[in-house]
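Worksheet: the structure to be examined is printed underneath.
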């Protein structure tokens with residue numbers, strides 16, 4: 001069959017029209033994703049892939065759409081299909097990693113990195129995902145190696161620097177965490193999350209004044225930020241400034257009145273100020289919501305301060321039954337029996353019984369040695 005000149009001219013025009021249509025569909029679909037119009041975006045990608053089933057933009061786009069709507073298995077299918085066509089497609093590699101990360105399948109994140117090692121070792125974004133996975137799996141040495149490799153490629157990558165900070169915080173290397181996070185504050189002075197993370201690190205090393213400085217900076221940006229208020233309250237509590245701590249606990253309770261952790265901390269600060277009955281009321285308030293081990297513990301220790309020893313002993317016995325390997329209730333019981341009730345044999349016997357089942361517990365061993373010396 002011989003084509004005429006007009007027919008020859010028509011072929012490239014049709015190809016151009018199809019290409020332009022595919023390009024426009026991709027643009028429209030991604031714009032719809034940005035506006036969270038996922039069903040409309042899916043229609044566009046379906047139309048695109050009907051025109052060109054092996055279009056990598058369409059395959060990655062569909063994968064991204066399905067990832068954003070938490071359809072992880074389906075997203076993986078499209079990312080894999082794209083990688084079968086183009087093994088160098090880093091967006092599909094990152095998409096796969098994101099899916100496995102959100103599915104809590106962190107070993108699969110690492111295995112993807114090995115599978116596509118030729119790309120992994122040259123891309124900071126991919127390396128940081130591998131480092132994050134190792135960090136969450138507590139493979140701290142491996143995590144540090146991948147973070148440092150990522151930094152060699154992109155020394156200013158903020159996600160990598162944030163990750164390194166989290167790594168060193170998890171390793172209790174708080175000074176190192178501060179060093180890296182403070183690099184970000186130079187360029188992002190209004191980053192509340194980083195400001196509170198630095199505050200947390202200073203609080204861990206008991207530099208409460210420095211911690212307060214960073215929490216205050218975060219609070220200036222958002223006066224009701226939970227983490228800034230919590231950090232300020234805990235730092236003041238660490239400084240034994242219970243009055244100021246209470247003002248921050250009360251501010252949190254004004255918008256989160258049933259937060260058990262905060263009520264516990266609030267009660268502890270009240271106790272530090274000698275307001276034992278108010279502290280007891282707080283612990284009882286938690287216990288009216290539900291059975292709570294720490295509220296019971298707080299109640300028992302507060303009852304001692306109020307002189308209600310028998311009620312306190314009763315609660316410590318309950319706590320010991322709830323958590324028989326925890327030395328705290330046993331040690332408290334031993335002290336109460338030995339010093340307050342003059343039941344020295346009871347004190348020695350409960351410690352002996354505990355150490356029979358937990359022979360390596362240092363706290364109970366020290367208490368036993370102390371009481372036997374005084375017996």
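Residue numbers (the working numbering): 1 to 375. Using N, Cα and C, we set each Cβ at its ideal position, and we do this for glycine too.
Determine the closest residue to residue 43 out of 352, 300, 28 and 56, with distance taken between C-alpha atoms.
28
Simplified DSSP state of residue 335, which is helix, strand or coil
helix
Measuring alpha carbon to alpha carbon, tell me which of 175, 161 and 153 ends up nearest residue 187.
161
Express the C-alpha separation of residue 144 and residue 11 in angstroms, rounding to a whole number.
Per-residue confidence for residue 11 stands at a pLDDT of 49, beneath the threshold of 50, marking its modelled position as unreliable; the derived number appears in the next sentence. Rounded to the nearest angstrom, the two C-alpha atoms are 55 angstroms apart.
One question on the structure: do residue 354 and residue 347 come within less than 8 angstroms of each other, judged by their Cβ atoms?
no
Is it buried or exposed, residue 334, if we count other Cβ atoms within 10 angstroms and call 16 or more buried?
buried
Could you have a look at residue 154 and say whether DSSP puts it in helix, strand or coil?
coil
Return the residue from the list 101, 198 and 74 that minimises the CA-CA distance to residue 132.
101
If you drop the 5 nearest sequence neighbours on each side, which residues of the same chain put their C-beta closer than 7 angstroms to that of residue 379?
With the chain covering 1 to 375 only, the question about residue 379 has no answer from this structure.
Under the three-state DSSP convention, the category residue 60 falls into:
helix
If you compare alpha carbons, which of 58, 105 and 99 is closest to residue 85?
58
Applying the criterion that 16 or more other CB atoms from any shown protein chain within 10 Å of the CB defines a buried residue, is residue 19 buried or exposed?
exposed
Leaving out the 5 sequence neighbours to the left and right, which residues in its chain are closer than 7 angstroms to residue 330 when beta-carbon positions are compared?
320, 350, 351, 354 and 364
Which same chain residues, not among the five before or five after residue 154, have their C-beta less than 6 angstroms away from its C-beta?
124
Residue 52 beta carbon less than 8 angstroms from that of residue 22
yes
Are residue 149 and residue 127 close, meaning C-beta to C-beta below 8 angstroms?
yes
Bounding residues of the alpha helix (DSSP H) (the contiguous stretch that carries residue 290)
Unbroken run through residue 290: none, as it is neither H nor E.
From residue 146 to residue 111, what distance separates their C-alpha atoms?
14 angstroms
First and last residue of the uninterrupted alpha helix (DSSP H) at residue 54
That residue, residue 54, is in no alpha helix (DSSP H); it is neither H nor E in DSSP.
Exposure label - residue 203; buried when at least 16 CB within 10 Å:
buried
Kindly indicate which three-state DSSP category residue 5 falls into: helix, strand or coil?
The predicted model places residue 5 with a pLDDT of 39, which falls under 50 and marks its position as unreliable, so this point remains unresolved.
Where do the ends of the alpha helix (DSSP H) carrying residue 264 lie?
260 to 272
What does the alpha-carbon distance come out to for the pair residue 337 and residue 244?
36 angstroms
Return helix, strand or coil for residue 358, following the three-state DSSP convention.
coil
Measuring only the C-alpha atoms, how far is residue 282 from residue 264?
7 angstroms
What are the boundary residues of the alpha helix (DSSP H) that residue 376 is part of?
Given that the chain is displayed from residue 1 to residue 375, the structure contains no residue 376 and the question cannot be resolved.
According to DSSP, simplified to helix, strand and coil, what is residue 129?
helix
Could you have a look at residue 316 and say whether DSSP puts it in helix, strand or coil?
helix
Does DSSP put residue 327 in a helix, in a strand, or in coil?
helix
Minimum C-alpha distance to residue 266 - residue among 233, 17 and 293:
233
Delimiting residues of the alpha helix (DSSP H) encompassing residue 78:
72 to 85
Using a 10 Å radius around the Cβ and a threshold of 16 neighbouring Cβ atoms, would you call residue 224 buried or exposed?
exposed
Could you tell me whether the segment 249 to 257 touches the segment 207 to 220, using the rule of 3 or more Cβ pairs below 8 angstroms?
no
Sorted by chain position, which residues of the same chain lie with C-beta nearer than 6 angstroms to residue 303's C-beta, five sequence neighbours on each side aside?
311 and 312
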